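Residue numbers (UniProt numbering): 1 to 234.
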């Protein structure tokens, strides 16, 4: 009896995992040089300290099991080692494979049927060493896009200090100008699929056709991502 119950529970977890993380068809692999055409600045001590300061000490570790507090102590003791590692990652355009693996934890929502995938909230625990590299990359990209000629002034998503309210106010303001000038404007609304938004599948980073970024010619974040499915919820 216990064997059947355990087998059924494992099957439920597998089904839930497949529903929350549907397979995404892979496009053709980008054939890019291992090194960028333009030299990439070395990671500075200020960048390293800024990235690791945003890591919460009590957050759960990733598959490597290293606590965040221990990693911070290691960085404080030997920052030179971490600076060399992160600089080499940026120069070669390689994100270490071990940092792409994550430990998946499914948290059950209260009062929801256990056999429905939507009854769980997925949490993906990544290695903190990889999170720090992601933060360094993110900080550099944000600084680049804030320059003149960076992102459009009407780009509201995923930007600090901007929200959906700002986007709505922009639409209303544009409509009022159109009405006052007796002109026509077309508004296109798009609704995202919430089932697909539960997991963001990243692809290799290629060169944007209209933008040249410091990372435009490097291979970065998302080849061979893997999940470690736990049999028990946290």
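For each residue, glycine too, the CB sits at the ideal point set by N, CA and C.
Note that the coordinates shown come from a computational prediction; the quantities given were computed from them, not determined experimentally.
Mapping DSSP to helix, strand and coil, what is residue i?
i, result
"residue 199", "Confidence in residue 199 is poor, its pLDDT being 41 and thus under 50, which makes the residue's placement too unreliable to answer from."
"residue 133", "helix"
"residue 64", "coil"
"residue 204", "Note that residue 204 has pLDDT 36, beneath the 50 cutoff, so the model's placement of it is unreliable and the number below is only indicative. Looking at residue 204 - three-state DSSP - the assignment turns out to be coil, as it is neither helix nor strand."
"residue 49", "helix"
"residue 160", "coil"
"residue 36", "In this predicted model, residue 36 has a pLDDT of only 48, less than 50, meaning its place in the structure is not dependable; the value taken from the coordinates is given anyway. Here residue 36 sits in coil by DSSP."
"residue 18", "helix"
"residue 116", "coil"
"residue 209", "Its pLDDT being 44, under 50, residue 209 is placed unreliably in this model, and the value from its coordinates should be taken loosely. Coil at residue 209, not helix or strand."
"residue 98", "helix"
"residue 151", "coil"
"residue 146", "coil"
"residue 58", "coil"
"residue 186", "coil"
Could you say which of the options lies nearest to residue i if we only look at CA atoms?
i, options, result
"residue 38", "47, 77, 52 and 90", "90"
"residue 66", "186, 50, 165 and 128", "128"
"residue 62", "154, 184, 130 and 46", "130"
"residue 299", "60, 75 and 70", "With the chain running from 1 to 234 in the structure shown, residue 299 is simply not present."
"residue 102", "64, 143 and 166", "64"
"residue 58", "72, 142, 99 and 47", "72"
"residue 133", "113, 87 and 167", "87"
"residue 49", "179, 41 and 77", "77"
"residue 98", "144, 111, 116 and 125", "125"
"residue 47", "158, 92, 143 and 181", "143"
"residue 85", "70, 44 and 112", "44"
"residue 187", "158, 168 and 180", "168"
State the start and end residues of the unbroken alpha helix (DSSP H) segment that holds residue i.
i, result
"residue 105", "First-last for residue 105: 101 to 108, but that is the beta strand (DSSP E), not the alpha helix (DSSP H)."
"residue 86", "79 to 92"
"residue 166", "164 to 180"
At which residues does the beta strand (DSSP E) containing residue i begin and terminate?
i, result
"residue 121", "120 to 126"
Pull up the CB-CB distance for residue i and residue j, whole angstroms please, since I reckon it's below 8 Å.
i, j, result
"residue 120", "residue 104", "Not really, about 10 Å apart at Cβ, beyond 8 Å."
"residue 154", "residue 170", "6 Å"
"residue 174", "residue 185", "6 Å"
"residue 56", "residue 135", "Contact doesn't hold; Cβ gap of about 12 Å is too wide."
Determine whether the Cβ of residue i lies closer than 9 Å to any Cβ atom of chain C.
i, result
"residue 152", "The question asks about chain C, but that chain is absent: this structure has only one protein chain."
| message | Using a Cβ distance threshold of 8 Å, determine whether the segment 111 to 125 contacts the segment 75 to 94, with at least three qualifying pairs required. | response | no
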